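So the sequence lines, in the order shown, correspond to chains A and B.
In short: position in the first sequence from 1, add 13, done, that's my numbering.
In short: position in the second sequence from 1, add 176, done, that's my numbering.
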Amino acid sequence: MCLSVPSEVVALHPDEQAITVDTLGVRRKVSRHLLSDEIHIGDYVLIHIGFAMNKIDKEDALESLKLYREIAQKLEAENHD
Amino acid sequence: MTEPATGEMNSSLKLKSLYEGFRDADTIRALAARIGNEAKKLSAPLYIMEVCGGHTHTIMKYGLLGLIPDNVKFIHGPGCPVCVMPKERIDQAIALANMDDVILLTLGDMIRVPGSKGSLAQARANGADVRPLYDPLDALAIAKDNPNKTVVFFAIGFETSTPMTAVLLREAERAALPNLMFHINHVLVPPAIDAVMAEPATKVNAFIGPAHVSVISGAKIYRRAAEAHHTPVVVSGFEPVDVMESILRLVELKNHAESVVEVQYSRAVSEQGNLTAQALVDEYFEVRDSFRWRGLGPIPQSALKLRDKYAHRDAEIHFGDRLPVQEIDDHKACQCGDILRGLANPMDCKVFGRGCTPQTPLGSCMVSSEGACNAYYRYHGVQHVD
């Protein structure tokens, strides 16, 4: 029950305190009662048992992915030496 | 910086990158090479407890064990809410479900976990009205549609899930739904860490902290434990690259003798966590004096209960005289307790894979899909990264 999954916000339903999210093609409406941040379409959120728990920081995620790619490339370069 | 081969995530983030980018086999291998080099400097073996069953599954599913040097070991901790639920609490849920005019609601695998006389699933097969929920707020409609019945939400989970119960309670109050009640079993991670470390035989000297708990509670909840037990803690995401990076940091921190808390999963976890959620939990819950954990026994101040102000929604109070209270331990052959305490590995258990399988579980470590035994049963033998 514990794994929270990253999903993309695709629709807002302010009257119901809800948002619709897309998790790799699967769409569902979830509660946004726990979010204090403003939410826009295209944001990424973590979903846990029907609730959006928080926003995912896009800049931070991109920074991590960039760093990992550099690490992998460095290893590849070392292996070719 | 060279342009990425895929070209798809150099300037913007796609949902796919949040999955695939953090599962990349080349990155996993590169991190494994760095862990191998760094681990050569360790003066003693590193025993990392992954508190949460989600991390156990990542380690097993992606074959990470085979990539880690011999002097870095994993110990599987008590962070699975279904695994740590003592049988007597399940017996209470079954007693509630068997009452006339009660509908019992719960989440996840809880319905399959045996109490002392069967599971909630068996109670349902025998005629009790037990319903699994995927979203706690669905309880509102069920209570509204069944005004002549008492609907009891058997609430389980760590810090991650408690705010969802709080929202449900707030909405029940706002909608003036008198027939929605709660049996609260919300537990807390830091006291469980203290209980693990209080065990004289424990070898644990580092922790991978579950990210989703800290999404709500913030990284701050581990500060005291890290100092008190002289153990580094890295709050980690659940993708394999997240876990590998966290292992690397733990090895580095150990080599520098730093007992600090770091956040690997900084794309979602802050020091303070979700303050809206914390305020909600504080409004409706207070700490229990003690709660008995499966495998770990009673741990002081390790769980929550409803505040007195909301006693009218507390099923433990309302039905108190009709709920069984006898404490019940696990089957003697089952080593789930030792596994949750970090004293045994699933493979050490004599009944693992023989008398105890996911189809015929003896203990909750096997019945829960997040349990350590279940992860070992499903993925043991996985040696390669996809």
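Ideal Cβ placement from N, Cα and C applies to all residues, glycine included.
Computed from a predicted model, the values in this text were never measured in an experiment.
Within this structure, are the beta carbons of residue i and residue j separated by less than 7 Å?
i: Ala453 (chain B); j: Ile392 (chain B); result: yes
i: Val227 (chain B); j: Gly253 (chain B); result: yes
i: Ile384 (chain B); j: Ile224 (chain B); result: yes
i: Leu222 (chain B); j: Ala382 (chain B); result: yes
i: Ile287 (chain B); j: Ala297 (chain B); result: yes
i: Gln448 (chain B); j: Val463 (chain B); result: no
i: Ala273 (chain B); j: Ala315 (chain B); result: no
i: Met420 (chain B); j: Leu207 (chain B); result: yes
i: Val39 (chain A); j: Ile60 (chain A); result: no
i: Glu349 (chain B); j: Ile504 (chain B); result: no
i: Arg400 (chain B); j: Val437 (chain B); result: no
i: Tyr441 (chain B); j: Met236 (chain B); result: no
i: Ala209 (chain B); j: Leu88 (chain A); result: yes
i: Asp267 (chain B); j: Ser295 (chain B); result: no
i: Pro339 (chain B); j: Leu47 (chain A); result: yes
i: Gly63 (chain A); j: Asp311 (chain B); result: yes
i: Arg45 (chain A); j: Ala65 (chain A); result: yes
i: Leu309 (chain B); j: Leu281 (chain B); result: yes
i: Arg395 (chain B); j: Val445 (chain B); result: Strictly speaking, residue 395 (chain B) in this sequence is Ala, with Arg absent from that position. The answer is yes: Cβ separation under 7 Å.
i: Val380 (chain B); j: Ile251 (chain B); result: yes
i: Arg483 (chain B); j: Pro262 (chain B); result: no
i: Asn67 (chain A); j: Asn450 (chain B); result: yes
Thinking C-alpha only, which one of the options is nearest residue i?
i: Ile69 (chain A); options: A:Lys79, A:Gly55, A:Leu80; result: A:Gly55
i: Phe334 (chain B); options: B:Ala377, B:Gly230, B:Leu241, B:Leu316; result: B:Gly230
i: Val457 (chain B); options: B:Gly531, B:Ser295, B:Lys481; result: B:Lys481
i: Val365 (chain B); options: B:Leu189, B:Arg210, B:Ala402; result: B:Ala402
i: Asp276 (chain B); options: B:Asn324, B:Ser295, B:Pro245, B:Leu243; result: B:Asn324
i: Ala377 (chain B); options: B:Asp246, B:Ala395, B:Ala368, B:Gly518; result: B:Gly518
i: Arg199 (chain B); options: B:Val417, B:Gly284, B:His359, B:Pro262; result: B:Val417
i: Leu283 (chain B); options: B:Ile332, B:Ala271, B:His406; result: B:Ile332
i: Pro500 (chain B); options: B:Ile270, B:Cys256, B:Lys216, B:Leu243; result: B:Ile270
i: Lys217 (chain B); options: B:Pro245, B:Ala520, B:His359, B:Cys256; result: B:Pro245
i: Ala220 (chain B); options: B:Ser412, B:Gly197, B:Cys510, B:Lys249; result: B:Lys249
i: His432 (chain B); options: B:Phe414, B:His406, B:Met261, B:Asn450; result: B:His406
i: Ala479 (chain B); options: B:Ile360, B:Ala342, B:Ile251, B:Leu189; result: B:Ile360
i: Tyr195 (chain B); options: B:Asp465, B:Phe414, B:Asp497, B:Ala520; result: B:Phe414
i: Leu243 (chain B); options: B:Gly212, B:Gly255, B:Pro257, B:Ala551; result: B:Gly212
i: Ser466 (chain B); options: B:Phe528, B:Leu451, B:Pro367, B:Thr336; result: B:Pro367
i: Cys525 (chain B); options: B:Gln535, B:Tyr553, B:Gln502; result: B:Tyr553
Can you tell me which residues form a DSSP beta bridge with residue i?
i: Glu226 (chain B); result: B:His252, B:Ile384
i: Cys532 (chain B); result: B:Phe528
i: Val327 (chain B); result: B:Ile279, B:Leu356
i: Pro367 (chain B); result: In the DSSP output, where bridge partners are listed per residue, Pro367 (chain B) has none listed.
i: Ile32 (chain A); result: A:Leu25, A:Val43
i: Asn67 (chain A); result: A:Leu59
i: Lys481 (chain B); result: B:Glu462
i: Lys307 (chain B); result: It is worth fixing the name first, because residue 307 (chain B) is Arg in this sequence and not Lys. DSSP, once it has assigned bridges, lists B:Leu281 as partnering Arg307 (chain B).
i: Val18 (chain A); result: A:Ile60
i: Pro476 (chain B); result: B:Ser466
i: Gly333 (chain B); result: B:His362
i: Gly294 (chain B); result: B:Gly291
i: Asp490 (chain B); result: B:Phe358
Note down, in chain order, each residue of its chain lying with its Cβ closer than 8 Å to the Cβ of residue i, except the 5 sequence neighbours on either side.
i: Met357 (chain B); result: Thr326, Val327, Val328, Phe329, Arg489, Asp490, Ala491, His494
i: Lys320 (chain B); result: Ala351, Leu353
i: Asn143 (chain B); result: Residue coverage of chain B in this structure runs from 177 to 562, which leaves residue 143 (chain B) outside it and unanswerable.
i: Arg346 (chain B); result: Leu456, Glu459, Tyr460
i: Glu428 (chain B); result: Glu214
i: Met177 (chain B); result: In this prediction, Met177 (chain B) scores a pLDDT of 41, lower than 50, which makes its location untrustworthy; the coordinate-derived value is nonetheless stated afterwards. Cβ neighbours of Met177 (chain B) beyond the five flanking positions: none.
Grab me the residues of residue i's own chain with a C-beta within less than 7 Å of its C-beta, minus the 5 sequence neighbours each way, in chain order.
i: Ala371 (chain B); result: Leu472, Ile475
i: Asp35 (chain A); result: Ser20, Glu21, Val23
i: Arg425 (chain B); result: Val410, Glu438, Gln440
i: Ser49 (chain A); result: none
i: His560 (chain B); result: For His560 (chain B), the predicted structure reports a pLDDT of 42, less than 50, and the residue's modelled location is therefore unreliable. The matter cannot be settled from this model.
i: Ser77 (chain A); result: none
i: Val527 (chain B); result: Ala509, Cys510, Leu538
Using a Cβ-Cβ cutoff of less than 6 Å, which residues in the same chain neighbour residue i once the five nearest sequence positions on both sides are dropped?
i: Cys259 (chain B); result: Ser540, Cys541, Ser544, Gly547
i: Cys532 (chain B); result: Leu538, Met542
i: Glu83 (chain A); result: none
i: Asp305 (chain B); result: Ile279
i: Met185 (chain B); result: Confidence at Met185 (chain B) is low in this model, with a pLDDT of 49, below 50, so its placement is unreliable and no value can be given for it.
i: Ile369 (chain B); result: Ala401
i: Ala551 (chain B); result: Thr232, His233, Met236
i: Val18 (chain A); result: Thr36, Ile60
Please list the segments of the alpha helix (DSSP H) lying wholly inside the segment 399 to 473 of chain B, counting only runs of 4 or more residues, in order along the chain.
Counting only runs of 4+ residues, the alpha helix (DSSP H) found wholly inside the segment 399 to 473 of chain B occupies 399 to 405, 416 to 431, 451 to 460, in chain order.
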